[in-house]
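Below you'll find the structure, written out as structure tokens, and then a few comments.
The structure is reproduced here in structure tokens:
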């Protein structure tokens with residue numbers, strides 16, 4: 001609570017700075033260590049990346065929380081399936097969600113790596129989402145942590 005009034009992790013302490021909320025930490029680190037940028041340079045693609053980061057953090061993670069801790073987990077699971085269908089449609093014909101690999105893709109990795117705990121399948125019924133998930137989880141920086 002002293003570091004984050006939301007009482008959540010992660011919290012980044014950088015010198016005297018205290019930064020919380022994963023999306024904000026990610027953008028801070030991207031800007032601080034800009035040699036390998038993780039946000040698109042193009043203004044529209046950067047906006048789209050932020051839209052998908054918000055979708056993941058507010059829709060996907062929020063609904064996944066309701067699956068595990070809400071009063072109507074099956075209703076939440078159906079809503080989660082709807083979000084996954086949205087992602088499947090979005091990923092048709094794309095390698096990554098907002099142009100090149102970016103913070104938008106990275107934001108989805110924790111959910112995709114823990115998908116089984118929510119009781120939803122990402123299988124051949126969601127082929128575009130499944131392919132994207134496989135590409136993300138196979139990246140060396142990701143696979144080495146799983």
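Numbering (our numbering), first residue to last: 1 to 146. For each residue, glycine too, the CB sits at the ideal point set by N, CA and C. Computed from a predicted structure; not experimentally measured.
Can you tell which of 112, 93, 142 and 115 has the C-alpha that lies nearest to the C-alpha of residue 128?
Position 128 of the chain shown, counted from the first residue, corresponds to residue 128. Looking at the Cα atoms, 93 is the closest of the given residues.
Secondary structure at residue 28, three-state DSSP: helix, strand or coil?
The residue you call residue 28 lines up with position 28 of the chain shown. In the three-state reduction of the DSSP assignment, residue 28 falls in the helix class.
Classify residue 33 as helix, strand or coil using the three-state DSSP reduction.
What you label residue 33 is simply residue 33 of the chain shown in a count that begins at 1. Taken through DSSP and simplified to helix, strand or coil, residue 33 comes out as coil.
Assess, as a yes-or-no matter, whether the region 98-113 is touched by the region 51-58 under the definition of 3 or more beta carbon pairs within less than 8 Å.
yes
Using the Cα positions of residue 49 and residue 7, report the straight-line distance between them to the nearest angstrom.
Along the chain shown, read from residue 1 onward, the residue named residue 49 stands at position 49. Along the chain shown, read from residue 1 onward, the residue named residue 7 stands at position 7. Approximately 26 Å, taken between the alpha carbons.
Run through the DSSP bridge pairs and tell me what residue 42 is partnered with.
Counting from 1 along the chain shown, the entry for residue 42 is found at position 42. DSSP output for residue 42 lists no bridge partner at all.
Who are the Cβ neighbours of residue 19 in its own chain at under 6 Å, not counting the five residues just before and after it?
Against the chain shown, residue 19 aligns to sequence position 19. If we look at residue 19 and ignore the five residues flanking it on each side, its Cβ neighbours are 12, 25 and 28.
DSSP has residue 14 in a bridge; who is on the other side?
In the chain shown, counting from the first residue as 1, residue 14 sits at position 14. The partner list for residue 14 (beta bridge, DSSP) reads 17.
DSSP on residue 3, reduced to helix/strand/coil?
Against the chain shown, residue 3 aligns to sequence position 3. Reduced to three states, the DSSP call for residue 3 is coil.
Taking contact to mean 3 or more Cβ pairs, one atom from each stretch, closer than 8 Å, check whether the region 29-38 and the region 113-128 are in contact.
Contact between the region 29-38 and the region 113-128 is not established, with fewer than three Cβ pairs separated by less than 8 Å.
Residues in the same chain with beta-carbon distance under 6 Å from residue 88, minus the five sequence neighbours each way, listed in chain order, please.
Here residue 88 refers to the residue found at position 88 of the chain shown. Counting only Cβ-Cβ distances below 6 Å, and skipping sequence neighbours, we find 126, 128 and 129.
Rank 80, 51 and 52 by C-alpha distance to the C-alpha of residue 65 and give the top, closest one.
Translated into the one-based positions of the chain shown, residue 65 becomes position 65. Selected option, being the one with the closest Cα: 80.
For residue 99, is the classification buried or exposed, using 16 other Cβ atoms within 10 angstroms of its Cβ as the cut-off for buried?
Your numbering for residue 99 matches position 99 in the chain shown. With 16 or more other Cβ atoms within 10 Å, it is buried.
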